[in-house]
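*Asks:* Okay, handing you the structure first.
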Amino acid sequence: MFIEKESLGILHEAIRYLEQGFQELPEFSHVVDTDALSKILSEVAKKMQDNYPYPHPLYIGQMMKPPHPIARLAYTLALWINPNNHALDGGRASSVMEKEAVAELARMFGWETHLGHLCSGGTMANLEATWVAGSLRPGKKVIASQHAHYTHERICGVLGLPFEAVSCDSKACMDLTALKALLRKGDVGTVVVTIGTTASGSIDPLPEILKLQAQYEFRIHADAAYGGYFILVDNLSPEALSTFQHIKEVDSIVIDPHKHGLQPYGCGCVLFKDPTVGRYYKHNSPYTYFSSDELHLGEISLECSRPGAAAVALWATQQLLPYVSGGKFASDLSKSRKAAITFFEMLKNDSRFMTPLAPELDIVVWAPKAKNAREISRLSKAIFEAAAAENLHLAMANLPRSLFIESEEEIQWDQDDVTCLRSCLMKPEHLDWIGHIWQVLNRAAYTVLNK
Ligand SMILES: *Cc1c(COP(=O)(O)O)cnc(C)c1O
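Residue -12 is where the sequence shown starts when you use this note's numbering, and the numbers rise one by one after that.
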């Protein structure tokens, strides 16, 4: 069974239960032309067949993880009300659920008090954190590593804040010497620390960066959009572990429940350690904040209308799978990490491949060996295609020469970067499937490399 359908039956039941809460309303019935709906829905299903099979364990490409059935069901159930978490008038119950779900995320990082909310994703969440950072440090620079998400530079462009990239070491982590050189200039207001880069899952050295705060005055924003949930796993490297142990000392954190939190897209989260930054959001809405003196989430969010359904889905998922170390949510995430470690070892021990970076999370990057960067890139693309033809779906990433400095391979650098293969092993099932995955990759590599 490729698509899980068993859980669908309970949706009908829950919708009837939901309706019981509105029993005193006068009868109002809907006219639905089910034949017309059914015809179009089949057309939609046909069109949706033109996708990679993201929920299947043989999809090990981009950051794609299926939402948990409870998230899908709760989201869909909420759509019959379609609450808007801008103001309590538009989404009373779902706003309470959002506050609880966000507090749960903050607690996971060790914050008992915080200010935060859900938003459309990591981009919007980082925009809000950078906007607040820029308001607190007007005119000062925002800096992030050269491997940070491209969004940081663009966000600074949008906000009119000066931005500079910090060079990385051969492990794709922010280089401390380069960081210090920038801090010495005295114009840095905010350092963005990436906790899990998008290309390779690399983690900037937060403990050392925190120590620099004693000497240089700056704010720290943690972009943990991808990596945040790994705070719960039990099989991190000592360096990664130490970064997560210190994460509560930063000023703001971004995490994407739609990446590793089992949520449908449209669920990012921004958290601030100091709740008083809410003052920057202060505005008067002439229409919406009348029904209650309690906090309306629109008062602390840049986006106005926001899907209450996203909050309902996240809340429901947290009830089923609480964020506790040793729990089911955490152990499933540890399995993803274990799958990545296993896959990395297999690649490392195979003389056809090179592995420039040991995985810090569950992302593995590797490339076929060849004499020059152009040929490596060509072979990576050929293996990508040969694997896809056998239903094993990988991704690719362009990595700079600097990540190969410590590699023992003699590579002629006829171009500055090289296309590598990349796999996000985000599903816990990947651990059981790694043998199967390896067989298919082995065959695909054989057809390409033995030509
Ligand atoms: C995915 C990601 C983003 C962007 O988040 P979206 O949800 O895609 O908007 C930002 N930073 C990092 C580190 C990411 O992995």
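Here a beta-carbon is modelled for each residue, glycine too, at the ideal position from N, C-alpha and C. Note that the coordinates shown come from a computational prediction; the quantities given were computed from them, not determined experimentally.
Comparing alpha-carbon positions, which option in G147, P192, E115 and G126 lies nearest V153?
*Replies:* Of G147, P192, E115 and G126, the residue nearest in Cα terms is P192.
*Asks:* Using DSSP bridges, identify the partner residues of R206.
*Replies:* The partner list for R206 (beta bridge, DSSP) reads T177.
*Asks:* Among residues of its own chain, excluding the 5 on either side of G313, which ones have a beta-carbon nearer than 8 angstroms to its beta-carbon?
*Replies:* Closer than 8 angstroms at the Cβ level, and outside the excluded window around G313, lie D221.
*Asks:* Are the segment 163 to 182 and the segment 399 to 409 touching, with three or more C-beta to C-beta distances below 8 angstroms?
*Replies:* Contact fails: fewer than three Cβ-Cβ distances are below 8 angstroms.
*Asks:* In the structure shown, what three-state DSSP assignment does P294 receive?
*Replies:* Here P294 sits in strand by DSSP.
*Asks:* According to the neighbour-count rule (16 or more other Cβ atoms, all chains shown, within 10 Å of its Cβ), is N429 buried or exposed?
*Replies:* Exposed: under 16 other Cβ atoms inside 10 Å.
*Asks:* What is the DSSP secondary structure of V31, counted as helix, strand or coil?
*Replies:* V31: helix per DSSP, three-state reduction.
*Asks:* Give the secondary structure of T184 by DSSP, where H, G and I count as helix, E and B as strand, and everything else as coil.
*Replies:* The answer is coil: DSSP assigns T184 none of H, G, I, E or B.
*Asks:* Counting Cβ pairs closer than 8 angstroms, one from the segment 21 to 39 and one from the segment 204 to 218, do we hit at least three?
*Replies:* Judged by Cβ distances under 8 angstroms, the segment 21 to 39 makes no contact with the segment 204 to 218, as fewer than three pairs qualify.
*Asks:* Cα separation between A376 and F259?
*Replies:* Near 46 angstroms, if we compare the C-alpha coordinates of F259 and A376.
*Asks:* Specify whether the segment 374 to 390 and the segment 45 to 56 touch according to this definition: at least 3 beta carbon pairs, one from each stretch, less than 8 angstroms apart.
*Replies:* Result yes; three or more Cβ-Cβ pairs closer than 8 angstroms.
*Asks:* Less than 7 angstroms separating the Cβ of A212 from some heavy atom of ligand 1?
*Replies:* Yes, since a heavy atom of ligand 1 falls inside the 7 angstroms radius drawn around the Cβ of A212.
*Asks:* Please identify the residue among R3, I207, D337 and L105 whose C-alpha is closest to the C-alpha of E91.
*Replies:* For the residues R3, I207, D337 and L105, the minimum Cα distance to E91 belongs to L105.
*Asks:* Please confirm whether P53 and P42 have their CB atoms less than 8 angstroms apart.
*Replies:* Yes, the pair counts as a contact, with Cβ atoms nearer than the cut-off.
*Asks:* For the 8 angstroms Cβ check, are there 3 or more pairs between the segment 66 to 76 and the segment 235 to 254?
*Replies:* Touching, no, given that fewer than three Cβ pairs across the two stretches are closer than 8 angstroms.
*Asks:* Alpha carbon to alpha carbon, what distance is there between F371 and H134?
*Replies:* Near 23 angstroms, if we compare the C-alpha coordinates of F371 and H134.
*Asks:* What span of residues does the alpha helix (DSSP H) with T110 cover, start to end?
*Replies:* Note, T110: alpha helix (DSSP H), G109 to L123.
*Asks:* Could you check if S440 is buried or exposed, using at least 16 other CB atoms within 10 Å of its CB as the buried criterion?
*Replies:* In the structure as shown, the chain begins at -12 and stops at 438. Residue 440 is therefore absent and cannot be evaluated.
*Asks:* From E99 to R339, what does the alpha carbon distance come to, in whole angstroms?
*Replies:* Straight-line Cα distance between these residues: approximately 50 angstroms.
*Asks:* Heavy atom of ligand 1 less than 7 angstroms from the Cβ of T230, yes or no?
*Replies:* False, no ligand heavy atom lies under 7 angstroms from that Cβ.
*Asks:* Cα-Cα, which of S187, V178, A212 and G188 is closest to L197?
*Replies:* Per the Cα distances, V178.
*Asks:* When we look at the beta-carbon of V352 and count the other beta-carbons within 10 Å, is it buried (16 or more) or exposed?
*Replies:* V352 comes out buried.
*Asks:* Between G439 and ligand 1, is the CB less than 7 angstroms from at least one heavy atom?
*Replies:* Coverage of the chain is limited to positions -12 through 438, which leaves residue 439 absent and any answer about it impossible.
*Asks:* Relative to the C-alpha of A168, which candidate in K269, G183, E151 and V180 has its C-alpha closest?
*Replies:* The shortest Cα separation from A168 among K269, G183, E151 and V180 belongs to E151.
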